[in-house]
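Contents: one structure, followed by commentary.
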Ligand SMILES: Cc1ncc(COP(=O)(O)O)c(C=O)c1O
């Protein structure tokens, strides 16, 4: 994979903080790597990106990112292969989605070559922060936000593109319970559900709080118009596995314009195809989910996303009733596709789809 070299200024820390840390046991988002990348957009063009020590910014209180949420972000991972090699997983997908998000908020796009080259340099410099073996990953957070000093609501003229990273240990994410919310919606036609502005996430917190009050980990979102069709689960795409005669097949909501096109979702669909498992992308009504469960045909449900890769859903709470799903040990599709995905992302299985970007 090639990217036009983009000049980058590098200011290194005197001494890395990574030495002596047990990277594989660091909880998600708690210790941040030595460096971050920062580039500023002003006068209609991007300036030279700088890789500098990770640290706080001094920014005025009136910037549009703070006042109006003019901010978009991405999330991807770097992993180590069996020989200690470093791989980014499908970074071009994140570059493209970042730019779709930026365009939706009238922010300037980041040239793909600048994104990829800056990202690779940052990962190369901070590679000591990537947990060894398959014991964990380095999470990568690119972000673009307006630093216009103005309380006028207007498209950004000055903004920052930043990337920072942090290590976390691979965790076995315990199966989650989800509450189907009919009170709140995540996204609606013509809105921003298919992209990643910061503003998509704060309004979901109250729904999550409601889910927690009902003893669940997160919410299952329905469509914003009819409150009928399943869209996503928390910050994950969602898949159902149903029994179809002797076989099992998979259904995931089709990308409707209000669902985030997850990179993990796309990867899982591709791997299911490799595994010769029939997977349908179509509308799925919550009533159909209830019916399938009642008929004993709902065998698995799982969410997918970069951070957790694949989380099994064990209970779906809807209108005061619990749809309890078979134990994870009895599942065949979710565990198998998760294992394949992790094996490819960590260089332990052949990268037949060209997903890995080796640093
Ligand atoms: C709302 C939402 N859905 C789904 C996903 C999963 O996307 P991906 O697989 O690209 O991480 C995310 C995470 O980015 C998300 O925020």
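Numbering (the working numbering), first residue to last: 17 to 375.
We put the beta carbon where it would ideally sit given N, CA and C, even for glycine.
Values in this document were obtained by computation on a predicted structure and should not be read as measured data.
Same chain, Cβ closer than 8 Å to residue 203, five either side skipped, listed in chain order: Locating residue 203 in the chain shown gives position 187, counting from the first residue. The answer, listed in chain order, is 209, 210, 216, 237, 240, 247, 274 and 275.
Nearer than 7 Å: is that true of the beta carbon of residue 288 relative to any heavy atom of ligand 1? In the chain shown, counting from the first residue as 1, residue 288 sits at position 272. No, ligand 1 has no heavy atom inside 7 Å of this Cβ.
Starting from residue 128, follow the alpha helix (DSSP H) in both directions and report where the run begins and ends. The sequence position of residue 128 within the chain shown is 112, counting from 1. Here the alpha helix (DSSP H) through residue 128 covers 128-141.
Assign residue 242 to one of two classes, buried (16 or more other C-beta atoms within 10 Å of its C-beta) or exposed (fewer than that). The residue you call residue 242 lines up with position 226 of the chain shown. Exposed is the call here.
For residue 367 and residue 92, the rounded distance between their alpha carbons: Along the chain shown, read from residue 1 onward, the residue named residue 92 stands at position 76. Along the chain shown, read from residue 1 onward, the residue named residue 367 stands at position 351. Each residue's Cα considered, the two are about 17 Å apart.
How many Å lie between residue 60 and residue 173 at the Cα? On the chain shown, position 44 is the one that residue 60 refers to. On the chain shown, position 157 is the one that residue 173 refers to. A straight-line Cα-Cα distance of about 7 Å links residue 60 and residue 173.
Any non-hydrogen atom of ligand 1 within 7 Å of residue 294 CB: Along the chain shown, one-based indexing puts residue 294 at 278. Outside the cutoff, so no.
Run the proximity test for residue 236: is its beta-carbon closer than 7 Å to any non-hydrogen atom belonging to ligand 1? Locating residue 236 in the chain shown gives position 220, counting from the first residue. Result no, Cβ not under 7 Å from ligand 1.
For residue 322 and residue 357, believed in contact at Cβ under 8 Å, the rounded distance: Counting from one through the chain shown, the residue named residue 357 turns up at place 341. Counting from one through the chain shown, the residue named residue 322 turns up at place 306. With 8 Å as the limit, residue 357 and residue 322 do not qualify as a contact, their Cβ atoms being about 11 Å apart.
Any heavy atom of ligand 1 inside 7 Å of the beta-carbon of residue 215? One-based indexing of the chain shown puts residue 215 at position 199. Not under cutoff, so the answer is no.
From which residue to which residue does the beta strand (DSSP E) around residue 110 run? If you number the chain shown from 1, residue 110 lands on position 94. Not the beta strand (DSSP E): residue 110 falls in the alpha helix (DSSP H), residues 107-120.
Taking residue 338 as part of the beta strand (DSSP E), name the residues at either end of that continuous run. Indexing the chain shown from 1 puts residue 338 at position 322. Taken as a continuous stretch (DSSP letters only), the beta strand (DSSP E) holding residue 338 covers 337-340.
For residue 193 versus residue 330, is the C-beta spacing smaller than 8 Å? Mapped onto the chain shown, residue 193 falls at position 177. Mapped onto the chain shown, residue 330 falls at position 314. It is a contact, given that the beta carbons lie within the stated cut-off.
Under the three-state reduction of DSSP, which class applies to residue 268: helix, strand or coil? Translated into positions along the chain shown, residue 268 becomes position 252. Strand, per DSSP.
Just to confirm, does residue 248 get its C-beta within under 7 Å of one of the non-hydrogen atoms of ligand 1? Indexing the chain shown from 1 puts residue 248 at position 232. Indeed, a heavy atom of ligand 1 lies less than 7 Å from the Cβ.
At a cut-off of 7 Å, would you count residue 208 as near ligand 1, judging by its Cβ distance to the nearest heavy atom? Working through the chain shown from its first residue, we reach residue 208 at position 192. The answer is no for residue 208.
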